[in-house]
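Right, one structure below, let's go through it.
Number of protein chains: 2
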Amino acid sequence: MVETADARRAHAAFVQPEQACPIAPVLDIVFSRWTTPILWTLNEYGRQRFMELQRTIATITPKVLTQRLRQLERDGLIVRTYHPEVPPRVEYEISDLGRSLAPLFATLSEWVEGNLAKVEQARQEFDAAEQRPAGR
Amino acid sequence: MVETADARRAHAAFVQPEQACPIAPVLDIVFSRWTTPILWTLNEYGRQRFMELQRTIATITPKVLTQRLRQLERDGLIVRTYHPEVPPRVEYEISDLGRSLAPLFATLSEWVEGNLAKVEQARQEFDAAEQRPAGR
DNA sequence: CAGGATCCATAAGGATACTG
DNA sequence: CAGTATCCTTATGGATCCTG
């Protein structure tokens with residue numbers, strides 16, 4: 009039996025896509041602001057101290073860096089190690105769970121490499137059509 | 009020649025991870041708010057009208073829906089078709105470029121399925137350690 | 001050094017009402 | 001129906017100062 013497009017569209021009216029969309033949960037976890045640069049840095053360059061991260065990310069403020077690191081630690085994606093010395097030393101490294109995101113990031117890189125140019129082109133064409141032809 | 013961790017960390021100080029992180033460009037394109045539910049819906053249920061989308065997404069307001077649809081159209085991920093009738097009819101469908109995100113979404117779903125529970129568990133353990141043991 | 005606390009600017013998003 | 005326009009609330013991030 010073939011499911012028609014109309015049947016699928018009728019069904020669409022009964023689901024809540026925020027819940028139905030199965031990737032929604034990841035967004036808050038790995039794609040909050042600053043999280044990908046942090047994870048990427050820790051994955052590429054290994055364990056780093058707080059100040060190292062701040063220098064590496066460059067445009068992030070200590071407050072926001074702290075917030076994001078806490079969230080990532082709470083979600084189990086990074087590991088925070090506190091060394092009780094004077095002055096104190098704290099090191100962050102990516103966890104196994106964090107490393108499990110690698111294939112995902114790889115897929116993303118591939119998409120960027122293959123399709124970002126197409127997006128740029130689409131934008132130029134869209135913007136070029138400033139004299140709206142119809143229906144705007 | 010083996011690149012040491014220290015060498016890599018030293019190098020990290022000289023790059024700008026916002027630019028170095030190769031997936032940064034995708035975030036604004038496909039992971040802006042509401043974009044994944046929209047793309048997911050159009051990909052799953054096919055072409056839909058404005059009101060259908062609004063009913064499907066349920067908690068989105070027309071203003072925001074319009075904004076997101078414009079952005080997706082500009083980026084070439086969806087196609088907008090205007091039918092000059094009375095009342096007017098507008099249909100949205102996913103483009104080939106938008107469909108090229110399918111493997112990405114699939115990878116995401118897999119990660120969610122396999123690892124979301126671990127995140128939940130990490131959160132509970134983190135929250136359970138309210139009596140901060142050290143370094144907080 | 002690694003942050004916590006505080007205050008402030010900006011902007012994204014929601015609610016509501018209205019139009020071609 | 002498919003949006004626009006307007007107003008307003010809230011969330012996010014930046015700047016600054018301070019501390020164990």
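Residue numbers (this note's numbering), protein chains in the order written: chain A, 9 to 144; chain B, 9 to 144. Don't be surprised by glycine CBs; every beta carbon is placed ideally from N, CA and C. Because the structure is a prediction, the values reported are computed rather than measured.
If you draw a straight line from the C-alpha of residue i to the C-alpha of residue j, how long is it?
{"i": "B/R17", "j": "B/L50", "result": "Because B/R17 carries a pLDDT of 45, less than 50, the predicted location of this residue cannot be relied on, and the following value inherits that uncertainty. So the two alpha carbons sit approximately 43 Å from each other."}
{"i": "A/D135", "j": "B/R82", "result": "8 Å"}
{"i": "A/I68", "j": "B/P96", "result": "47 Å"}
{"i": "A/R41", "j": "A/L73", "result": "10 Å"}
{"i": "A/E133", "j": "A/K126", "result": "11 Å"}
{"i": "B/E128", "j": "A/I37", "result": "11 Å"}
Give the DSSP-derived three-state secondary structure of residue i in the structure shown.
{"i": "A/T64", "result": "helix"}
{"i": "B/A114", "result": "helix"}
{"i": "B/T12", "result": "At B/T12, the pLDDT of 48 sits below 50, so the modelled position is not reliable and the matter cannot be decided from this model."}
{"i": "A/R41", "result": "coil"}
{"i": "B/I46", "result": "helix"}
{"i": "A/R131", "result": "helix"}
{"i": "A/E99", "result": "strand"}
{"i": "A/G88", "result": "Note that residue 88 of chain A is Arg in the sequence shown, not Gly. Strand, per DSSP."}
Looking at residue j and residue i, is the spacing between their C-beta atoms short of 7 Å?
{"i": "B/E93", "j": "B/R55", "result": "no"}
{"i": "A/R57", "j": "A/E99", "result": "yes"}
{"i": "A/C2", "j": "B/P45", "result": "Residue 2 of chain A is absent from the structure shown; chain A starts at 9 and stops at 144."}
{"i": "A/P70", "j": "B/V120", "result": "no"}
{"i": "B/I31", "j": "A/L109", "result": "no"}
{"i": "A/A137", "j": "B/G84", "result": "no"}
{"i": "A/F39", "j": "B/F39", "result": "yes"}
Anything in chain A within Cβ reach of residue i, meaning under 7 Å, just list it in chain order.
{"i": "B/L116", "result": "I31, V34 and L112"}
{"i": "B/V120", "result": "P30, I31, P33 and V34"}
Take residue i and list the residues in its own chain whose beta-carbon comes closer than 8 Å to its own, dropping the five residues that flank it on each side.
{"i": "B/N123", "result": "none"}
{"i": "A/L80", "result": "T43, I46, L47, I86 and G106"}
{"i": "A/H91", "result": "R97, V98 and E99"}
List, in order along the chain, the chain B residues whose C-beta lies closer than 9 Å to that of residue i?
{"i": "A/K71", "result": "Simply none; closest approach about 16 Å."}
Would you mind telling me which residues of chain A sit closer than 9 Å to residue i, beta carbon to beta carbon, in chain order?
{"i": "B/R147", "result": "Residue numbering for chain B in the displayed model covers 9 to 144; residue 147 of chain B lies beyond these limits and cannot be assessed."}
List, in chain order, every chain B residue whose beta-carbon is nearer than 7 Å to that of residue i.
{"i": "A/P95", "result": "Simply none; closest approach about 13 Å."}
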